[in-house]
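Engineer:
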Amino acid sequence: MPVVSMTVNGKPASADVEARTLLVQFIREQLGLTGTHVGCDTSQCGACVVHVDGRAVKSCTMLAAQAEGAEIVTIEGLAKNGELHPVQAAFREHHGLQCGFCTPGMIMTAVDMIRRKPDLDEETVRDELEGNICRCTGYHNIVKAILAASREMR
Amino acid sequence: MSDAASGEGIGQPVRRKEDFRFITGNGHYTDDISRPRQTWAYFLRSPHAHARIKSIDTSAAEAAPGVVAIFTGRHVADDGLGGLICGWTVTSKDGTPMKVGRHPILALDTVRYVGDHVAMVVAETLADARAAAELIDVDYEALPAAVSLSACQSAGAPQVHPEAPRNTCFEWELGNKAETDAAFAKAGRVVKLDLKNNRLIPNAMEPRAALGEFDKGTGIYTLHTTSQNPHVARLVLSAFVGVAPEHKLRVIAPDVGGGFGSKIFIYAEETACVWAAAKVGRPIKWTADRSEAFLSDAHGRDHLSHAELALDKDGKFLALRVKTVANLGAYLSTFSASVPTYLYGTLLSGQYDIPAIHVEVDGVYTHTAPVDAYRGAGRPEATYLVERIVETAARETGIDPAELRRRNYIRTFPHQTPVIMNYDTGDYEASLAAAMEAIDYKGFPARKAEAAKRGKLRGIGFSSYIEACGIAPSAAVGSLGAGVGLWESAEVRVNPTGNVEVLTGSHSHGQGHETTFAQLVASRLGVPLANVEIVHGDTDKVQFGMGTYGSRSGAVGMSAIVKALDKIEAKAKKIAAHLMEAAVEDIVFENGTFTVQGTDKSLAWAELSLAAYTAHGFPSGEIEPGLKEGAFYDPVNFTFPAGCHICEVEIDPDTGIVKIAKFVAVDDFGTVINPMIVEGQVHGGIAQGIGQALLEHGIYDVDSGQLITGSYMDYCMPRADDLPSFDLGFTTTICPSNPLGMKGCGEAGAIASPPAIINAVTDALGIRDIEMPATPARVWTALQSATPRAAAE
């Protein structure tokens, strides 16, 4: 089995894995970082979004081996020095989550969205959320939270 | 500081206590929990909608790498396990009980839907289990399947169960047929409508999962599972399936990622996992992938109805007559028989004074996945029927839809409907008026004209809904066929330091109970919210409870907490009276402080709590040490949330795409504990309603019984760009039947919104009906047949 090595949330991570191991399986099962979720099997729901070298990626669409040498950030690595990331704080402030299952992927997507598009408006946020499904919130408060975080981070 | 001043009390939009773990990735859902020496289960499922199993050869699979054990229906039967049950018995109009087909955990000799459970492979890894399952050789004799709801009762249709001729489980009725027929006979006008309520697939974002364990030393089984009601799961698994005696079975529902009804039920997979854990002597984990969820989670809705409304010449409703065929799927799921009967027929009076109602419902089996409660459960189907036919009546009589509703609203309470329900309070005119104001109803003609100039078709639709929540006194539901009571339990444990744990039998899987329940407790006891912990979802901690569904957790679950808090306060006052040498009648408890009326003597909550446990200051012969009280609360009536939703749509005639231009919801939920959370519940409900009306449809191939919409590539889940932001408002009448005056808010959005949307779409198109979901293809097709293209422009 190949050894894959990468940096996850600032720490080196390395393991022998089967070649077919997906990045999300590596994160959840090898590293025990269970904040990244799996909600579908067709790369539609976005519950598994993490950052790979700073870009939001569905970790179910990528083999662990493809992330060799990459810098990975998961939801567990987003808060720094005990301070919530502004997007995390905004999801709480604006009730952008209910059951919490889609939330890690939503937050990781939102962080990348704000980085790429600092001048977000509602239509753009809704458009950008195409790849993340939430069944609880009707997106109303997720959109509100992302717009608020985006203003905060300007 | 009072709770109002601290912003933590009842009515405050307190930010959720549970959020921190979810936004930092520290939630603990079932699949996140792993055990040493854990194995994985994979279920081999039927590829046929209907087939006889001639033989199952597992020898090659047993020899495959990593395989620990393989179980089939034969193993389950040989071990004496019972099948899965339906906990509600419906009686047909001829007095016979519903005809129940056997529901084995793993199929014995017949499979009855695509996805039915044939074998469980237990292996070292999921990949091993999955690979081995492919080596199981099942010799099927494929049989014709009954898939079509409209044809499954025909003579000669393939039979799902030998117990149920013509695939008919029950032929149920409610209301007075003779009075209804008489009212129709003298009616000035009769409006008729045929309606389909489309099959939905619930799709909580967390797929179902289970982790079964067995402790050989104690003989205790532990099941972690994605459940909305772990206590009921334990009862069913012990008393009916016979996995283990109740006291030897612990069921834990940890963080659960949404339910919407689909996680109420007791399914084959978790049953097999906990049972087999003892057989293999190792923990067994199973997590559904999304494809399995589509195939095997209980689906929702799926009705065919014919409705007739009789009116007099002034537009006053005289009677309603309904005939419905409701799909139950291949097996009766845990509460499926109650959904198209007592949760449906009883709501057909809507918000209206209708003197006579008669409804007949045939519950039928088909070779499709079981159908059971999905957000709203029966009430969306009732509301869809009532609000569609009322809107149709408005159009046919030429009476403005708001005016027709006003003429027929119930205005005096209590109001006994002809279909069991006794509405306790409400003000339907108030929510209608507020919704019309919010959407600017007067300005609609101008907006329609402006849209027409842009080549767009604009329509508006109303929905005045009512639902029955907090499902009723236990004795009443028992008389209607429920196999369980529908009360709730609570236990309040005050610790010696004064902080508080509250154990509840309801379960939170997104509803925010850890916050709202704590708001109630904090405000009552005058302690900071941070000092209150809500405990739920573990049968070792909470003794018993009925779980969360039917918008019951506030109205029933919190009422139980109020009862327990009453007892806590009563005992604390007795202790305070001894400590401050005063009469108990003179003790006042306010903002966390006990005072002796008319004196400056006082005792803080924390001092009292400690004193309750040191037991130094009061005679323990008279007052027991400690401060812990429990209560069971049985509701005295259903609660009746109601309101008005109005939807405005704009349709592009070139593409058939329906855009929701504006959606207004005005709801009366009685007392609101946390408006932020309540609004969130309404948002989510409306989104699911929009999903039903415009996007979602669970479709089986009518011949093969294959599920065509079996993934997110085929089943259209609402995405952010399908939905608008919502405009919400509240009106309030206090529920008189529970101590907090709450009615429930969890399902209203999904109940109210579909008819508002379809009424708007049919208004825009100028047609009588369009089937849900009103997809662009259907809308475009309707436009081509309804009007020449140029007429729209």
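First to last, the sequence lines map onto chains A and B. If you read the first sequence in the working numbering, its first letter stands for residue 77, the second for the next number, and so on. If you read the second sequence in the working numbering, its first letter stands for residue 13, the second for the next number, and so on. Where a beta carbon is used, it is the ideal one built from N, C-alpha and C, also for glycine.
State buried or exposed for B/A804, treating a residue as buried only when at least 16 other CB atoms are found within 10 Å of its CB.
Structural biologist: On the second sequence, position 792 is the one that residue 804 of chain B refers to. With a pLDDT of 41 at B/A804, under the threshold of 50, the modelled position of this residue cannot be trusted; read the value that follows with caution. Per the 10 Å Cβ criterion, buried.
Engineer: Just to confirm, are B/L740 and B/V694 a CB contact at a threshold of 9 Å?
Structural biologist: Within the second sequence, numbered from 1, the residue matching residue 740 of chain B stands at position 728. Within the second sequence, numbered from 1, the residue matching residue 694 of chain B stands at position 682. Yes; because the gap between Cβ atoms is below 9 Å, this pair is in contact.
Engineer: Just to check my reading of the structure: B/Y477 and B/A764 have Cβ atoms closer than 8 Å, yes? What is that Cβ distance to the nearest angstrom?
Structural biologist: Counting from 1 along the second sequence, the entry for residue 477 of chain B is found at position 465. Counting from 1 along the second sequence, the entry for residue 764 of chain B is found at position 752. Yes, they are in contact, since the Cβ atoms of B/Y477 and B/A764 sit about 4 Å apart, within 8 Å.
Engineer: Hey, would you say B/A319 sits closer than 9 Å to B/V334, going by beta carbons?
Structural biologist: Residue 319 of chain B sits at position 307 when you count from the first residue of the second sequence. Residue 334 of chain B sits at position 322 when you count from the first residue of the second sequence. Taking 9 Å as the Cβ cut-off, B/A319 and B/V334 qualify as a contacting pair.
Engineer: Buried or exposed for B/G254, please, with buried defined as at least 16 other CB atoms from any protein chain shown within 10 angstroms of its CB.
Structural biologist: Residue 254 of chain B sits at position 242 when you count from the first residue of the second sequence. The residue in question, B/G254, is exposed, as its Cβ has fewer than 16 Cβ neighbours within 10 Å.
Engineer: Check the Cβ-Cβ distances between B/R33 and every residue of chain A, and say whether any is below 9 Å.
Structural biologist: Here residue 33 of chain B is taken as the residue at index 21 of the second sequence, counted from 1. At least one chain A Cβ lies under 9 Å of B/R33.
Engineer: Apart from the five residues just before and just after A/T213, which ones in its own chain have a Cβ nearer than 6 Å to its Cβ?
Structural biologist: Indexing the first sequence from 1 puts residue 213 of chain A at position 137. Contacts found: Q174.
Engineer: According to DSSP, is A/S90 part of a helix, a strand, or is it coil?
Structural biologist: On the first sequence, residue 90 of chain A is found 14 positions in, with the first residue counted as 1. Note: A/S90 maps to strand in three-state DSSP.
Engineer: For a contact meaning CB atoms closer than 9 Å, what does B/I213 contact in chain A?
Structural biologist: Working through the second sequence from its first residue, we reach residue 213 of chain B at position 201. Those within 9 Å of B/I213 in chain A number zero; the least Cβ separation is about 11 Å.
Engineer: Could you tell me the alpha carbon to alpha carbon distance between B/W353 and A/H216, rounded to whole angstroms?
Structural biologist: Working through the second sequence from its first residue, we reach residue 353 of chain B at position 341. Working through the first sequence from its first residue, we reach residue 216 of chain A at position 140. At residue 353 of chain B the sequence reads Thr, which differs from the Trp that was named. C-alpha separation (whole angstroms): 34 Å.
Engineer: Can you tell which of B/W184, B/F347 and B/M110 has its C-alpha closest to the C-alpha of B/C98?
Structural biologist: Working through the second sequence from its first residue, we reach residue 98 of chain B at position 86. Checked all of B/W184, B/F347 and B/M110; the closest Cα to B/C98 is B/F347.
Engineer: With respect to the alpha helix (DSSP H) encompassing B/H394, which residues constitute its N-terminal and C-terminal limits?
Structural biologist: Translated into positions along the second sequence, residue 394 of chain B becomes position 382. In the sequence on display, residue 394 of chain B carries Ala and not His. B/A394 -> alpha helix (DSSP H) spans R391 to T409.
Engineer: Given a limit of 7 Å on CB to CB distance, which residues of the region 286 to 310 of chain B reach chain A?
Structural biologist: Listed in sequence order: D301, R302 and S303.
Engineer: Pairing CB atoms from the region 498 to 515 of chain B with CB atoms from the region 365 to 372 of chain B, are three or more of them under 8 Å?
Structural biologist: No, because fewer than three Cβ pairs between the region 498 to 515 of chain B and the region 365 to 372 of chain B fall closer than 8 Å, the two stretches do not touch.
Engineer: Cα separation between B/E408 and B/Y396?
Structural biologist: For this step, residue 408 of chain B is matched to residue 396 along the second sequence. For this step, residue 396 of chain B is matched to residue 384 along the second sequence. Cα to Cα, B/E408 sits roughly 18 Å from B/Y396.
Engineer: Does the region 148 to 157 of chain A come within contact of the region 31 to 44 of chain B, defined as at least 3 CB pairs closer than 8 Å?
Structural biologist: At 8 Å Cβ cutoff, the stretches touch.
Engineer: Could you tell me the alpha carbon to alpha carbon distance between B/A251 and B/N215, rounded to whole angstroms?
Structural biologist: Residue mapping note: residue 251 of chain B aligns to position 239 of the second sequence, counting from 1. Residue mapping note: residue 215 of chain B aligns to position 203 of the second sequence, counting from 1. So the alpha carbons of these two residues sit roughly 29 Å apart.
Engineer: Buried or exposed for B/I658, please, with buried defined as at least 16 other CB atoms from any protein chain shown within 10 angstroms of its CB.
Structural biologist: Numbered from 1 along the second sequence, position 646 holds the residue referred to as residue 658 of chain B. Counting Cβ neighbours within 10 Å, B/I658 comes out buried, since at least 16 surround it.
Engineer: Going by the beta-carbon positions, is the gap between B/E183 and B/V373 smaller than 9 Å?
Structural biologist: Looking up residue 183 of chain B in the second sequence gives position 171. Looking up residue 373 of chain B in the second sequence gives position 361. Against a cut-off of 9 Å, the Cβ pair of B/V373 and B/E183 comes out as a contact.
Engineer: In whole angstroms, what separates the C-alpha of B/N423 from that of B/I483?
Structural biologist: Mapped onto the second sequence, residue 423 of chain B falls at position 411. Mapped onto the second sequence, residue 483 of chain B falls at position 471. The sequence given here places Arg at residue 423 of chain B; Asn does not occur at that position. Each residue's alpha carbon lies about 23 Å from the other.
Engineer: Shorter than 9 Å from the beta carbon of A/D117 to some beta carbon of chain B?
Structural biologist: Within the first sequence, the letter at position 41 stands for residue 117 of chain A. At least one chain B Cβ lies under 9 Å of A/D117.
Engineer: Which residues in chain B have a C-beta closer than 8 Å to the C-beta of A/P162? List them in chain order.
Structural biologist: Residue numbering aside, residue 162 of chain A sits at position 86 when the first sequence is read from its first letter. Neighbours of A/P162 on chain B: none; closest Cβ ~11 Å, over 8 Å.
Engineer: Please state whether DSSP places B/L840 in a helix, a strand or coil.
Structural biologist: This structure leaves residue 840 of chain B out entirely; chain B is present only between 13 and 805.
Engineer: I need the DSSP call for B/P109, collapsed to helix, strand or coil.
Structural biologist: For the purposes of this step, residue 109 of chain B is identified with residue 97 of the second sequence, where counting begins at 1. Strand.
Engineer: Just checking my contact of A/L109 with A/T150 at CB under 8 Å: how many whole Å lie between their CB atoms?
Structural biologist: Position 33 of the first sequence, counted from the start, is the residue given in the question as residue 109 of chain A. Position 74 of the first sequence, counted from the start, is the residue given in the question as residue 150 of chain A. Confirmed, about 5 Å.
Engineer: Tell me whether the beta-carbon of A/H170 lies closer than 9 Å to the beta-carbon of A/K220.
Structural biologist: Position 94 of the first sequence holds residue 170 of chain A. Position 144 of the first sequence holds residue 220 of chain A. Closer than 9 Å, so yes.
Engineer: When the Cα atoms are used, what is the spatial distance from B/H519 to B/P647?
Structural biologist: Here residue 519 of chain B refers to the residue found at position 507 of the second sequence. Here residue 647 of chain B refers to the residue found at position 635 of the second sequence. The alpha-carbon atoms of B/H519 and B/P647 are separated by roughly 18 Å.
Engineer: If we define contact as Cβ-Cβ less than 9 Å, is B/M13 a contact residue for chain A?
Structural biologist: As a working mapping, residue 13 of chain B is identified with position 1 in the second sequence. Note that B/M13 scores 42 on pLDDT, short of 50, meaning its location in the model is unreliable; the coordinates nonetheless yield the value given after this. No, B/M13 lies away from the interface with chain A (no Cβ there is under 9 Å from its Cβ).
Engineer: When you compare the CB of B/H695 with every CB in chain A, is at least one pair closer than 9 Å?
Structural biologist: Walking along the second sequence from the start, residue 695 of chain B turns up at place 683. By this cut-off, B/H695 is an interface position.
Engineer: Name the residues in the region 259 to 287 of chain B whose C-beta lies less than 9 Å from a C-beta of chain A; which are they?
Structural biologist: Answer in chain order: D267, V268, G269, G270, G271 and F272.
Engineer: Using only alpha-carbon positions, find the residue among B/R33, B/H129 and B/V79 that is nearest to B/R62.
Structural biologist: Here residue 62 of chain B refers to the residue found at position 50 of the second sequence. The residue asked about is misnamed: residue 62 of chain B is His in this sequence, not Arg. The residue with the shortest Cα to Cα distance from B/H62 is B/H129.
Engineer: Sort B/L577, B/A567 and B/G569 by Cα distance to B/L537 and report the nearest one.
Structural biologist: One-based indexing of the second sequence puts residue 537 of chain B at position 525. The residue with the shortest Cα to Cα distance from B/L537 is B/L577.
Engineer: In chain order, which beta strand (DSSP E) runs of at least 3 residues are fully inside the region 149 to 211 of chain B?
Structural biologist: Complete beta strand (DSSP E) runs here, min 3: 149 to 154 and 180 to 187.
Engineer: Just reading off the alpha helix (DSSP H) that B/R142 is part of, what are its end residues?
Structural biologist: Within the second sequence, the letter at position 130 stands for residue 142 of chain B. Start and end: L138 to A145.
Engineer: Go ahead and label A/Q120 buried or exposed: buried means 16 or more other beta carbons lie within 10 angstroms of its beta carbon, across all protein chains shown.
Structural biologist: The count along the first sequence starts at 1 and reaches residue 120 of chain A at position 44. Buried.
Engineer: B/L235 lies in the beta strand (DSSP E); which residues open and close that run?
Structural biologist: Within the second sequence, numbered from 1, the residue matching residue 235 of chain B stands at position 223. Counting along the chain, the beta strand (DSSP E) containing B/L235 begins and ends at I232 to T237.
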